[in-house]
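Per this note's numbering, residue 1255 is the first one in the sequence shown, and the count goes up by one each step.
Here the structure is laid out as structure tokens; the discussion comes afterwards.
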Amino acid sequence: MPDNAPKMVCDFCGKPADSVRRVALDTGYDRLLRPHKEQYACAECSAAKEAERAEHP
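The following block contains the structure:
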């Protein structure tokens, strides 16, 4: 990504990031059928959210 390209912002920590992720489907996890505000996470927040989902299936 060029230095002058706008960075994305993590919806969870608020920090700028070169890329963000959104997990909408996983085993026992479905965000496609329920109306909600889409949120995007940086790599660090995404990993934390995945670990939390694994602890509480």
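All C-beta atoms, glycine included, are put in the ideal place defined by N, C-alpha and C.
{"Query": "Which of helix, strand or coil does DSSP assign to Arg1307?", "Result": "helix"}
{"Query": "Rounded to whole angstroms, what is the Cα-Cα separation between Cys1296 and Ala1308?", "Result": "18 Å"}
{"Query": "I'd like the list of long-range same chain contacts for Glu1294, defined as Cβ closer than 6 Å, with 5 residues on each side in sequence excluded.", "Result": "A quick correction: the sequence has Tyr, not Glu, at residue 1294. The answer, listed in chain order, is Asp1265, Val1274, Arg1276."}
{"Query": "In angstroms with no decimal places, state the Cα-to-Cα distance between Pro1289 and Lys1269.", "Result": "25 Å"}
{"Query": "Would Cys1267 be called buried (16 or more neighbouring beta carbons within 10 Å of its own) or exposed?", "Result": "exposed"}
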